[in-house]
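Per the working numbering, the very first residue in the sequence shown carries number 123; after that it's consecutive.
Notes follow the structure.
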Amino acid sequence: VIGGDIGQGDVEALKKTCAPEVIERCKAERMAYESQGIFFDNK
Numbered sequence: 123v124i125g126g127d128i129g130q131g132d133v134e135a136l137k138k139t140c141a142p143e144v145i146e147r148c149k150a151e152r153m154a155y156e157s158q159g160i161f162f163d164n165k
């Protein structure tokens, strides 16, 4: 399952396998979380 937790490197990887709509949704979800003060650290 792909969540809203994607970075620029992840976007490049997703472009190879996902539809543009999926990538845009993931980016939008991440921005929505960040606007609410929620940040993900996937290290």
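We put the beta carbon where it would ideally sit given N, CA and C, even for glycine.
When DSSP states are grouped into helix, strand and coil, C148 belongs to the helix group.
In the displayed model, A141 falls within coil according to three-state DSSP, outside both helix and strand.
With respect to the 8 Å criterion, I145 and K137 are classified as neighbours on the basis of their beta carbons.
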